[in-house]
Amino acid sequence: MSLFKAFKKNSVKVENGVQKATITVDKGYQPDHLNLEKGMPVELTFHRLNPSGCLSEIVLKDFNIHDELPLNEDHIVRFTPNESGEYGFACGMDMFHGKLTVK
């Protein structure tokens, strides 16, 4: 599969050299799996619809990110994946999960 198809399928768009995607937070994450390119900056916009306290935080442990997600607002998380691999993200209680595949 070409990288373009992977980005399109997984809702990742490249704008001005930055990989961008929006993740809706409501009974989990949608989408819950994204394909990313290593060495290129990433902006993930989390939009939380669910008032559950569990989903009020986003944790990307491998990128030292632990942020609060405001209800019904966008919150942008920025990082650059410099290594290929599988990276998880989760809610603050580690009950809901998503995955980033970096190639």
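Using UniProt numbering, you'd call the opening residue of the sequence shown number 1 and step up by one each time. Using N, Cα and C, we set each Cβ at its ideal position, and we do this for glycine too.
- Judged by DSSP secondary structure, Val12 falls outside any beta strand (DSSP E); it is assigned neither H nor E.
- If you look at Thr101, you'll find it in the beta strand (DSSP E) that goes 97-102.
- About 15 Å separates the CB atoms of Pro31 and Arg48; that is not less than 8 Å, and the two are not in contact.
- In the DSSP assignment, Leu55 falls outside any beta strand (DSSP E), carrying neither H nor E.
- If you check the CB distance, Leu55 and Val102 do not come in under 9 Å.
- Ranking Thr80, Glu83, Ser84, Ile76 by CA distance to the CA of Val25 puts Ile76 first.
- DSSP, read as helix, strand or coil, puts Asp62 in helix.
- Setting aside the 5 residues that flank it on each side, Thr80 is surrounded in the same chain by Gly39, Met40, Pro41, Val42, each with a C-beta closer than 8 Å to its C-beta; the list follows chain order.
- In the structure shown, Asp94 adopts coil according to DSSP, grouped into three states.
- Rounded to the nearest angstrom, the gap between the Cα atoms of Glu83 and Phe63 is 11 Å.
- Of the other Cβ atoms in all chains shown, 16 or more fall within 10 Å of the Cβ of Gly98; this residue is therefore buried.
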